[in-house]
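Numbering (our numbering), first residue to last: 42 to 623.
Below is one structure, written out as structure tokens, with a few remarks after it.
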């Protein structure tokens, strides 16, 4: 299911019809919205020639004196319109897709250029929302930005932008992230993000794979917007330990039993074996939340119906109480699940809301998914090809070159004394290992093995001895199993609309065992590094500030200028210092 919206800047010019036809043929939309048509009369024959649909529906607002104008078209074999409403700057249709039962309200907007005109439109759309029971989508040219980064060279927002922010907040709208480009409108050296699509939360719940693309510009200074709502198969989901498991009274005993059955295995192999058991147990004990809640509600309702006409025996009363308790427990489990997936760190316990966390998790998933890559000028959207290009790029990036080997004399460098050396190499105690575990945040994203530190801490009485033996063995032998040294790499976009691999920052997600070892070494090194690294090094050392280096450099330059001293200022920049092996 695709939706296209575009400020076409007039449909009567040369090449405009061809551009619209190409857009439709390339993307096969269910719904197409065009604004600033500048047409004062209806052209139904032209609309039909564009689409080639057997059953085309449309609503339009004609331009006044060659200004404005909107047209909203849909394929009636794919989308059934139940009602429509129009204003001088917007069109609204309510209906549903023919292959589903999801009622929607879709509004096409072309906001005026003046602040007063936009405020008038915002008020009209507020009233429109109040009269509709269907989740809204509002799309196209709003002639305003939400933050300074959405306008090239902008440093502060004007009052009209604050009006826009307030309206979006009052309407409880979600601004879908734009992929493929940063701005949607261009003129000479000016650029802004004026075109966008807002949705209510229900859209994100229904279509968690939604992607909003800024397509290539052609005959307009606005780029077309393409919203894809189809589901994409991206392969099997990785294992994740879930906090809600601890709400089951049998969980800890089950883990203890399974852990003892793996007694002959090393720690990492035990964790891998435990994953298979937990996957099966989770499916049997939890399954589908909504289905389980509906089942409990049906059974409780059946008992309530019996109690309407007869007295309940003790067994049935006990069952009803048990069902009531379960109906309190299962929504809490569902809330815990979505809270963990949302990665929210700003919500207080009293503010918890399952629907909010569900939406937060869906938006987060949408933002982090790479739906398109641009490689050599070509756009790649097929998941298999995207994976291949990412693998090829990072294989090359992470290949170690053999640069000329320079020998540096150790003379003149600070040295670790014998006492510090022994402490660095000593075997860690159980208390030191446990402290390192508890220093790690419980809810942080796990590594490739799927176990977060919340699981490790709560199961410490079961797994603690194995952690102690494994880590001590590492300090004795200095070797790690390949499974422990394995790392997942996740790509974080450096800029909005990132679509090239150079615009992503790779973040390594190591497993919990590796992280504990690194934490122990880090805590030990913190004690000796200040004595080894000169005072001029202002970064990566506790209690030193990164800005001190810039301040000192500024003072030195001022001193040289004041004293008229000759000096050389040398700046070294290691390109992609954190993204390569050196």
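Where a beta carbon is used, it is the ideal one built from N, C-alpha and C, also for glycine.
Reference residue i, options the options, closest by Cα
| i | options | result |
| --- | --- | --- |
| residue 268 | 570, 74 and 116 | 74 |
| residue 457 | 358, 568, 438 and 354 | 568 |
| residue 455 | 570, 96 and 194 | 570 |
| residue 154 | 168, 202 and 134 | 202 |
| residue 192 | 77, 466 and 230 | 230 |
| residue 375 | 352, 330 and 415 | 330 |
| residue 218 | 250, 200 and 199 | 250 |
| residue 373 | 310, 346, 339 and 327 | 327 |
| residue 198 | 225, 169, 233 and 559 | 233 |
| residue 463 | 566, 475, 607 and 547 | 566 |
| residue 138 | 590, 592 and 115 | 115 |
| residue 313 | 527, 535 and 602 | 527 |
| residue 461 | 564, 504 and 236 | 564 |
| residue 341 | 368, 323, 322 and 509 | 368 |
| residue 242 | 213, 606, 262 and 494 | 213 |
| residue 92 | 110, 111 and 63 | 63 |
| residue 102 | 515, 378, 356 and 125 | 125 |
| residue 136 | 353, 90, 72 and 87 | 72 |
| residue 204 | 169, 161, 61 and 226 | 161 |
| residue 225 | 377, 190 and 246 | 190 |
CB contact check: residue i to chain D, cutoff 8 Å
| i | result |
| --- | --- |
| residue 411 | Considering every chain present, this structure includes no chain D. It has just one protein chain. |
Residue j beta carbon less than 8 Å from that of residue i
| i | j | result |
| --- | --- | --- |
| residue 152 | residue 130 | yes |
| residue 79 | residue 260 | no |
| residue 46 | residue 238 | yes |
| residue 630 | residue 208 | Residue 630 falls outside the range modelled here, since the chain spans only 42 to 623, and no answer is possible. |
| residue 119 | residue 132 | no |
| residue 413 | residue 221 | yes |
| residue 288 | residue 370 | yes |
| residue 216 | residue 187 | yes |
| residue 347 | residue 360 | no |
| residue 477 | residue 498 | no |
| residue 48 | residue 185 | no |
| residue 54 | residue 77 | no |
| residue 280 | residue 491 | yes |
| residue 210 | residue 176 | no |
| residue 532 | residue 434 | no |
| residue 223 | residue 537 | yes |
| residue 89 | residue 68 | no |
| residue 381 | residue 319 | no |
| residue 508 | residue 474 | yes |
| residue 377 | residue 285 | yes |
Bridge-paired residues (DSSP) for residue i
| i | result |
| --- | --- |
| residue 240 | 178 and 215 |
| residue 231 | 228 |
| residue 534 | 545 |
| residue 415 | 420 |
| residue 143 | Residue 143 is not bridged to any residue. |
| residue 625 | Absent from the model: residue 625. The displayed extent of the chain is 42 to 623, so no value can be given. |
| residue 127 | 132 |
| residue 269 | 43 and 252 |
Backbone secondary structure at residue i - three-state DSSP
| i | result |
| --- | --- |
| residue 224 | coil |
| residue 52 | coil |
| residue 148 | strand |
| residue 495 | helix |
| residue 457 | coil |
| residue 392 | Interpretation of residue 392 is limited by its pLDDT of 47, a score under 50 that renders its predicted location unreliable; the figure taken from the coordinates is listed afterwards. Helix. |
| residue 294 | helix |
| residue 158 | helix |
| residue 564 | helix |
| residue 256 | coil |
| residue 114 | strand |
| residue 285 | helix |
| residue 573 | helix |
| residue 135 | strand |
| residue 622 | Legend: pLDDT at residue 622 = 48, less than 50; position of this residue unreliable, value from coordinates given subsequently. If DSSP states are grouped into helix, strand and coil, residue 622 belongs with coil. |
| residue 351 | coil |
| residue 306 | coil |
| residue 192 | strand |
| residue 65 | helix |
| residue 608 | coil |
| residue 368 | helix |
| residue 432 | helix |
| residue 329 | coil |
| residue 528 | strand |
| residue 120 | strand |
| residue 108 | strand |
Query raised in the report: Taking contact to mean at least 3 C-beta pairs separated by less than 8 Å, is the stretch 551–570 in contact with the stretch 482–498?
Result: As far as the Cβ criterion goes, the stretch 551–570 touches the stretch 482–498, which means the pair count is three or higher.
Query raised in the report: Hey, is the stretch 286–298 in contact with the stretch 329–343, meaning 3+ C-beta pairs nearer than 8 Å?
Result: Too few Cβ pairs lie closer than 8 Å, so no.
Query - At least 3 beta-carbon pairs within less than 8 Å: the stretch 304–314 vs the stretch 520–530 - result: Yes, since at least three Cβ pairs between the stretch 304–314 and the stretch 520–530 fall closer than 8 Å, the two stretches touch.
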